[in-house]
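Written out below as structure tokens is the structure these notes cover.
Residue numbers (the numbering used here): 9 to 217.
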């Protein structure tokens, strides 16, 4: 457990070391790469997140997706003690309210939240990832509990799960538990990693340009 905490600290320190200018450059390069992918182009209801703690910023995707007529959602903490997430539609100009972690989210009073299985694509933040699609999060388990229903499916169908990260967050092996949910792919500023062994069907396995 202490090793896992130290791994998180090290990876978070790496992304905090990225300058503001590099953050913006990485964000736009990642967005350009992701918006060429079939899972994005073919999805109508997509969930993103508001970046914090040095995470890759998906804001350029949000802007473009809205212009393409896609419906965009942001994660919202469910009332305690569930420790999982709902997703609420977000439109430009909507008021965002800080939750008890200080992360801004839409108000569930304005538009009803939807469950994760009501979405086509979920883009997830992460601390680290490996070449088997395993995701290392912040340790709260919110996304794992939210996506636990996928363990009961015979095969992956929807939503498609795409991690968003800086390329420096890729590591050799992410320690896993039985409740962890692997990703279909990860997009960074440098590459798209597709983990086809988990059922994500695409002809693009990695782009390095």
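Ideal Cβ placement from N, Cα and C applies to all residues, glycine included. Computed from a predicted model, the values in this text were never measured in an experiment.
Where residue i falls: helix, strand or coil (DSSP)
i	result
residue 44	coil
residue 37	helix
residue 189	coil
residue 140	coil
residue 54	strand
residue 109	coil
residue 69	helix
residue 205	Because the pLDDT of residue 205 is 49, which lies under 50, any placement of that residue in the model is unreliable, and the question is left without a value.
residue 171	strand
residue 178	strand
Local Cβ density within 10 Å of residue i, reported as buried at 16 or more and exposed below that
i	result
residue 55	buried
residue 192	buried
residue 170	buried
residue 181	exposed
residue 141	buried
residue 7	Nothing in the structure corresponds to residue 7, since the chain is present only between 9 and 217.
residue 28	exposed
residue 7	Because the chain in this structure spans residues 9 to 217, residue 7 falls outside the shown range and cannot be described.
residue 95	buried
residue 136	buried
residue 83	buried
The beta strand (DSSP E) enclosing residue i, as first and last residue numbers
i	result
residue 95	93-97
residue 201	200-202
residue 104	104-106
residue 121	Segment: none, residue 121 is in no beta strand (DSSP E) and carries neither H nor E.
residue 132	129-132
residue 8	Because the chain is modelled from 9 through 217, residue 8 falls outside the range shown and cannot be assessed.
Own chain, CB closer than 6 Å to residue i, minus 5 neighbours either side, in chain order
i	result
residue 36	68
residue 176	22
residue 218	The chain is shown from 9 up to 217; residue 218 falls before or after that span and cannot be answered.
residue 102	114
residue 47	129 and 168
Cutoff 7 Å; reference residue i; Cβ partners in own chain excluding five residues on either side
i	result
residue 111	58 and 60
residue 92	86, 150, 153 and 154
residue 65	31, 35 and 59
residue 203	140, 141, 190, 191, 192 and 193
residue 157	125
Span of the alpha helix (DSSP H) around residue i
i	result
residue 154	150-154
residue 12	10-24
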